[in-house]
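**Q**
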DNA sequence: CCACTTGTTTGTCCTGGACGTTTTATTGAT
DNA sequence: ATCAATAAAACGTCCAGGACAAACAAGTGG
């Protein structure tokens with residue numbers, strides 16, 4: 001029986017690499033010029049063709065840079081060294097139960113057992129309630145899936161399947177919680193360069209679980225529009241999410257700039273991986289260090305206004 | 001009292017225009033070279049700054065090109081002429097009731113009455129059922145919102161609000177329908193260049209309503225992965241969605257190419273605005289002309305296999 | 001130990017050219 | 001006149017190589 005080469009991954013054009021890795025074409029070219037990596041082959045026209053292994057390596061590099069490494073520190077290294085660096089950033093402080101649960105859910109993902117995956121997620125949600133479900137299961141799973149993906153342990157469709165299923169579960173919960181209309185009124189969204197959905201979805205659900213009225217406008221909202229919409233809609237809080245892919249320096253800069261544009265009566269909350277451990281005291285901006293922090297923020301907002309909602313959880 | 005200039009829309013850099021209009025930076029530059037439009041100002045460094053009016057015009061141009069106009073036909077025209085052309089493509093064959101309903105929902109959107117919007121959508125869904133809700137309300141609303149956006153009648157946050165709310169409603173419905181596991185097993189996704197979510201979401205819900213087992217992998221899935229995943233997961237059908245932004249010529253070419261990669265035992269269905277009126281007979285590919293067509297396809301699939309599911313609707 | 005200055009790193013933008021592919025126009029045969 | 005084949009135009013994407021500001025790191029002096 002002949003070996004089947006169909007699945008041997010074909011070399012990619014620069015536009016495909018951009019889509020796959022999120023690295024701009026300009027960046028890919030300038031890295032090649034400066035660091036001699038990536039070093040794609042050329043087709044008969046002199047156009048770049050990136051071998052699959054280089055694209056894989058670029059994915060790892062992208063992730064390391066997202067976590068704070070500088071290009072000059074990662075663009076010389078080989079794949080082995082890069083994986084060592086990857087290990088150094090995965091600070092999993094999970095309980096034994098949590099990591100076991102993550103592993104079994106990841107296994108369902110790898111086996112394409114979508115129905116079981118959905119069922120399991122729903123069971124956990126029903127057993128533990130929305131809040132614990134999000135904080136103790138969804139959040140760790142997100143990073144576990146991200147890690148597994150960059151290590152090549154799960155494929156793109158598997159990662160997509162995960163995102164879809166979690167979205168279904170969370171949006172189902174959000175839709176069920178509607179009818180809550182306690183304060184504060186929270187507007188949820190992201191800046192134009194931030195595309196990650198799951199973050200705001202988790203926060204939206206958490207806020208509703210706390211009896212606060214949260215509304216999501218999805219990702220990638222122009223800054224001027226955020227300011228305008230929040231003012232017109234008499235929101236009490238604007239909450240923004242920043243994934244690890246958002247350079248944390250930029251996040252702080254953009255937040256400060258946005259704070260000046262935003263109605264001073266509206267609070268500004270910001271959270272996400274990019275702001276982890278960056279809890280600088282910024283005037284008028286609350287950095288949400290982790291998801292559990294949210295309920296404290298809501299509580300303190302209510303205490304200050306003496307508007308303790310009767311709907312809030314005991 | 002001084003006039004407030006804060007809201008006068010500031011000129012945009014080329015990267016922002018790319019994000020806003022979906023036109024690649026290279027394309028914007030080459031249009032300027034060839035057609036003298038857009039003609040951005042320059043900052044002190046000679047970098048392009050696109051005035052807001054030109055970006056607005058680019059949005060209209062983008063939409064016209066998506067609907068089949070050629071660049072040379074639209075890049076000379078002024079805004080008035082472009083709007084005339086826009087009118088010529090909006091072929092709204094809606095019933096009086098439908099257009100009235102669209103109008104009132106759009107009004108809720110413009111007034112930022114998110115709670116009422118959600119409530120109204122839920123009421124319609126409860127009254128008419130999932131199938132009619134999607135076909136007679138969501139689908140027309142999608143195009144109405146798109147039209148209103150390009151005309152400047154609704155803003156970006158309003159359009160995002162719409163998308164979020166519809167997603168919540170549809171995913172809630174999808175999650176509720178789970179437990180169905182009739183045939184055919186349908187895998188839903190899009191090609192890598194296609195980012196529109198709502199299309200597959202509507203189809204996913206519709207298929208479930210017909211008692212078929214549909215699973216979405218979201219948008220932008222690499223072609224090789226679609227073929228592999230569908231084979232491994234013993235799917236009967238792969239269904240792909242193509243928005244108006246997908247050049248229809250490309251859609252047909254990519255479909256043909258994909259058909260050869262895909263397991264011959266798996267059917268290939270394709271639909272969406274890009275394929276409207278393009279119902280060429282392609283071997284091994286079923287073009288889904290509109291949403292109502294789906295139930296017929298499912299029925300005919302079952303007839304052929306004599307697998308009429310007991311769960312199918314009367 | 002902190003504020004400030006200097007040098008290096010890094011991403012984005014620029015120009016102008018080129019080529020393959022798709023679309024349109026033209027030609028010729030039935 | 002209809003249709004197929006061919007030539008011409010239109011169009012998007014890629015390339016090279018240079019430039020500059022902003023972010024960052026390192027060194028300096030209080």
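Chains as they are written, first to last, in this note's numbering: chain A, 1 to 314; chain B, 1 to 314.
We put the CB at the ideal spot given by N, CA and C, even for glycine.
Could I get the ranges of all uninterrupted alpha helix (DSSP H) runs contained in the region 210 to 252 of chain A, with 4 residues as the minimum, in chain order?
**A** 223 to 232, all fully within the region 210 to 252 of chain A.
**Q** DSSP on residue 260 of chain A, reduced to helix/strand/coil?
**A** DSSP places residue 260 of chain A in helix when its eight states are reduced to three.
**Q** For residue 265 of chain A, count neighbouring Cβ atoms within 10 angstroms of its own Cβ and tell me buried if that reaches 16, exposed if not.
**A** Exposed is the call here.
**Q** Straight-line CA distance for residue 188 of chain B to residue 173 of chain B?
**A** Straight-line Cα distance between these residues: approximately 17 Å.
**Q** Could you spell out where the alpha helix (DSSP H) holding residue 173 of chain B opens and where it closes?
**A** Run containing residue 173 of chain B: 156 to 177, per the alpha helix (DSSP H) assignment.
**Q** Helix, strand or coil, according to DSSP, for residue 190 of chain A in the structure here?
**A** In the structure shown, residue 190 of chain A sits in coil (DSSP, three-state: anything other than H, G, I, E or B).
**Q** CB-CB under 8 Å to residue 263 of chain B, same chain, minus the five flanking residues each way: which ones, in chain order?
**A** Here the set comprises 227, 230, 231.
**Q** Using C-beta distances below 6 Å, list every residue in its chain close to residue 313 of chain B, excluding the 5 sequence neighbours before and after it, in chain order.
**A** Any answer about residue 313 of chain B is weak, because its pLDDT of 44 lies below 50 and its placement is not dependable; what the coordinates show is given next. Result list for residue 313 of chain B: empty, nothing under 6 Å.
**Q** Going by DSSP, what residues sit across from residue 271 of chain B in a beta bridge?
**A** Its beta-bridge partners are B/241, B/288.
**Q** Taking only beta-carbon atoms, is residue 124 of chain A less than 8 Å away from chain B?
**A** Output row for residue 124 of chain A: interface = no.
**Q** Quick check: the Cα distance between residue 255 of chain A and residue 10 of chain B, rounded to an integer number of angstroms?
**A** Roughly 19 Å separates the two Cα atoms.
**Q** Sort B/297, B/195, B/154 by Cα distance to residue 236 of chain B and report the nearest one.
**A** Of the listed residues, the one whose Cα sits closest to residue 236 of chain B is B/297.
**Q** If we call anything under 8 Å between Cβ atoms a contact, is residue 275 of chain A one with residue 294 of chain A?
**A** The answer is no: Cβ separation not under 8 Å.
**Q** Span of the alpha helix (DSSP H) holding residue 119 of chain A?
**A** 114 to 132 is the extent of the alpha helix (DSSP H) around residue 119 of chain A.
**Q** What is the rounded straight-line gap between the Cα of residue 134 of chain B and the Cα of residue 87 of chain A?
**A** Taking the straight line from one Cα to the other gives about 46 Å.
**Q** Compare the beta carbon distance of residue 328 of chain B and residue 125 of chain B with 8 Å and say whether it is the shorter of the two.
**A** Nothing about residue 328 of chain B can be reported from this structure: the residues present for chain B run from 1 to 314 only.
**Q** Who are the Cβ neighbours of residue 116 of chain A in its own chain at under 7 Å, not counting the five residues just before and after it?
**A** The residues are 108.
**Q** Do you know whose CA, among A/270, A/292, A/299, A/248, lies nearest residue 285 of chain A's CA?
**A** When each option's Cα is compared against that of residue 285 of chain A, the closest is A/270.
**Q** Give every residue of the same chain whose Cβ lies closer than 7 Å to the Cβ of residue 243 of chain A, excluding the five residues on either side of it in the sequence, and list them in chain order.
**A** So the list reads 194, 196, 199, 272, 273, 274, once near-sequence residues are dropped.
**Q** Assign residue 7 of chain A to one of three DSSP states: helix, strand, or coil.
**A** Confidence at residue 7 of chain A is low in this model, with a pLDDT of 48, below 50, so its placement is unreliable and the value that follows should be read with caution. In the structure shown, residue 7 of chain A sits in coil (DSSP, three-state: anything other than H, G, I, E or B).
**Q** Shortest alpha-carbon distance to residue 54 of chain B belongs to which of B/14, B/66, B/69?
**A** Nearest C-alpha to residue 54 of chain B: B/14.
**Q** What does residue 46 of chain B touch in chain A if you count any residue whose Cβ is under 7 Å from its own?
**A** Result: empty, since nearest Cβ-Cβ is about 17 Å, beyond 7 Å.
**Q** Name the two residues that bound the continuous alpha helix (DSSP H) containing residue 37 of chain B.
**A** Note, residue 37 of chain B: premise wrong, no alpha helix (DSSP H); not H, not E.
**Q** Measuring only between beta-carbons, confirm whether residue 218 of chain B sits less than 8 Å from chain A.
**A** By this cut-off, residue 218 of chain B is an interface position.
**Q** For a test of the three-state rule: what should DSSP assign to residue 184 of chain B, helix, strand or coil?
**A** Residue 184 of chain B falls in the strand class under three-state DSSP.
**Q** Looking at the structure shown, is residue 315 of chain A part of a helix, part of a strand, or coil, going by DSSP?
**A** Lying outside 1 to 314, the shown extent of chain A, residue 315 of chain A is not represented and no answer is given.
**Q** Pair every Cβ in the region 139 to 150 of chain B with every Cβ in the region 93 to 108 of chain B, then say whether three or more of these pairs are closer than 8 Å.
**A** Yes, they touch.
**Q** Kindly indicate the opening and closing residues of the alpha helix (DSSP H) around residue 142 of chain B.
**A** Where residue 142 of chain B is concerned, the enclosing alpha helix (DSSP H) stretches over 139 to 150.
**Q** So, under 8 Å CB-CB, residue 166 of chain B and residue 203 of chain B are touching, yes? Tell me the CB distance rounded to an integer number of Å.
**A** Contact doesn't hold; Cβ gap of about 14 Å is too wide.
**Q** For the alpha helix (DSSP H) containing residue 66 of chain B, list its first residue and its last residue.
**A** From DSSP, the alpha helix (DSSP H) with residue 66 of chain B extends over 52 to 66.
**Q** So, is the C-beta of residue 19 of chain A closer than 8 Å to a C-beta in chain B?
**A** It does; some Cβ of chain B falls within 8 Å.
**Q** Of the choices A/301, A/160, A/245, whose alpha-carbon is the least far from that of residue 190 of chain A?
**A** Closest option to residue 190 of chain A, Cα to Cα, is A/245.
**Q** Does chain A have any CB closer than 8 Å to the CB of residue 221 of chain B?
**A** So yes, residue 221 of chain B belongs to the interface.
**Q** What residues of chain A sit near residue 27 of chain B, judged by a beta carbon separation below 8 Å?
**A** Correct list: empty, because the minimum Cβ distance to chain A is about 12 Å.
**Q** Cα separation between residue 7 of chain B and residue 114 of chain A?
**A** Bear in mind that the predicted position of residue 7 of chain B carries a pLDDT of just 49, short of 50, making it unreliable; the figure below should be weighed with that in mind. One C-alpha to the other measures close to 48 Å.
**Q** What's the C-alpha gap between residue 238 of chain A and residue 289 of chain A?
**A** Straight-line Cα distance between these residues: approximately 16 Å.
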